[in-house]
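Working notes, beginning with the structure itself.
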Amino acid sequence: VIDKNRKDCQEEVEILLRWGHHPNIVTLRDVSTYPSLQYHICVDLVWPMAGQGQNPDKGFYAQIQVYEDDRAVYLVMELMRGGELLDRIIRHKFFSEKEASAIMQVVVSTVQYLHQHGVVHRDLKPANILYASETSNPEALRICDFGFAKQLRAENGLLMTPCYTANFVAPEVLKRQGYDAACDIWSLGILLYTMLA
1 VIDKNRKDCQ EEVEILLRWG HHPNIVTLRD VSTYPSLQYH ICVDLVWPMA GQGQNPDKGF
61 YAQIQVYEDD RAVYLVMELM RGGELLDRII RHKFFSEKEA SAIMQVVVST VQYLHQHGVV
121 HRDLKPANIL YASETSNPEA LRICDFGFAK QLRAENGLLM TPCYTANFVA PEVLKRQGYD
181 AACDIWSLGI LLYTMLA
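If you count by full-length UniProt numbering, then the sequence shown holds residues 1 to 197, one letter each, in order.
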């Protein structure tokens with residue numbers, strides 16, 4: 001739910017539309033009449049093999065509605081049956097190095113994709129990494145919650161607004177002197193530590 005009085009959801013929707021075609025990102029597509037925010041969206045939740053040049057029929061596509069009223073825009077996505085990575089960390093207490101490495105490989109490659117397109121997530125944490133299914137297969141991971149995501153602009157490439165979750169924030173974000181995509185790398189390091197500790 002995006003409260004219109006507190007936040008303009010335009011950038012979040014635009015980032016997902018432009019750069020959300022990675023197999024491990026919950027994405028938006030098929031938007032009509034966008035600027036008025038009265039649209040129907042299809043969220044494309046594609047299994048990774050479909051994104052790697054293999055048969056796209058192996059993926060799945062879910063029709064998702066976006067609702068708007070006077071106060072909010074509601075982005076309704078497919079149920080991620082496997083839940084949050086955070087829940088699995090709490091349940092298992094810690095992961096083996098092999099398990100954590102497999103998870104990090106998928107998450108890091110997804111973040112690399114975002115960074116190559118100039119998008120900084122700014123809120124990477126276990127609660128924003130979901131499993132599409134109940135399997136432990138890291139390929140079922142999806143990065144979500146692009147509410148803090150920002151497209152780096154051409155000027156100086158720095159972001160100024162501090163957006164973060166306390167335990168995962170990079171020091172440069174707190175200094176308020178500008179930061180870039182490296183803030184996501186710090187968050188990934190904290191994510192790895194959280195899984196192993």
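Even for Gly, the Cβ is constructed at its ideal location relative to N, Cα and C.
Problem set entry | Top-ranked residue by Cα proximity to E14, from V119, L158 and Q112 | Locating residue 14 in the sequence shown gives position 14, counting from the first residue. Per the Cα distances, V119.
Exercise. Looking only at C-alpha atoms, which of R71, G82 and H115 sits nearest to E134?
Worked result: Within the sequence shown, residue 134 is the residue found at index 134, counting from 1. The residue with the shortest Cα to Cα distance from E134 is G82.
For this session: Could you have a look at G83 and say whether DSSP puts it in helix, strand or coil?
Result: As a first step, residue 83 must be located in the sequence shown, where it is residue number 83. If DSSP states are grouped into helix, strand and coil, G83 belongs with the strands.
Exercise. Does DSSP put R71 in a helix, a strand or coil?
Worked result: Here residue 71 refers to the residue found at position 71 when the sequence shown is read from its first residue. If DSSP states are grouped into helix, strand and coil, R71 belongs with coil.
Exercise. First and last residue of the beta strand (DSSP E) that includes L130?
Worked result: For the purposes of this step, residue 130 is taken as residue 130 along the sequence shown, with counting starting at 1. Residues I129 to Y131.
Exercise. Which residue spans inside the stretch 130 to 185 form an unbroken alpha helix (DSSP H) run of at least 4?
Worked result: 171 to 175
For this session: Starting from V120, follow its DSSP beta bridges and name the residues at the other end.
Result: On the sequence shown, position 120 is the one that residue 120 refers to. V120 is bridged to K150.
Exercise. What did DSSP end up calling S96 once you bin it into helix, strand or coil?
Worked result: Within the sequence shown, numbered from 1, the residue matching residue 96 stands at position 96. Looking at S96 - three-state DSSP - the assignment turns out to be coil, as it is neither helix nor strand.
Exercise. Hey, would you say A102 sits closer than 8 Å to P138, going by beta carbons?
Worked result: Within the sequence shown, residue 102 is the residue found at index 102, counting from 1. Within the sequence shown, residue 138 is the residue found at index 138, counting from 1. Taking 8 Å as the Cβ cut-off, A102 and P138 qualify as a contacting pair.
Exercise. R91: buried (16+ other C-beta within 10 angstroms of its C-beta) or exposed?
Worked result: The residue given as residue 91 occupies position 91 in the sequence shown. It counts as exposed.
Problem set entry | Contact under 8 Å by Cβ, G178 with L191 | Residue 178 sits at position 178 when you count from the first residue of the sequence shown. Residue 191 sits at position 191 when you count from the first residue of the sequence shown. Against a cut-off of 8 Å, the Cβ pair of L191 and G178 comes out as no contact.
Problem set entry | Local conformation of A197 per DSSP, three classes | For the purposes of this step, residue 197 is identified with residue 197 of the sequence shown, where counting begins at 1. DSSP places A197 in coil when its eight states are reduced to three.
Problem set entry | Cβ separation of L124 and F168, assumed to be a contact under 8 Å, to the nearest whole Å | As a position in the sequence shown, residue 124 is number 124, starting the count at 1. As a position in the sequence shown, residue 168 is number 168, starting the count at 1. Yes, they are in contact, since the Cβ atoms of L124 and F168 sit about 7 Å apart, within 8 Å.
Problem set entry | Outcome for L79 when other beta-carbon atoms lying within 10 angstroms are tallied against a minimum of 16 | For the purposes of this step, residue 79 is identified with residue 79 of the sequence shown, where counting begins at 1. Classification for L79: exposed.
Problem set entry | 6 Å Cβ shell around L152 - same chain, five flanking residues per side excluded | Counting from one through the sequence shown, the residue named residue 152 turns up at place 152. Taken in chain order, the residues that qualify are G118.
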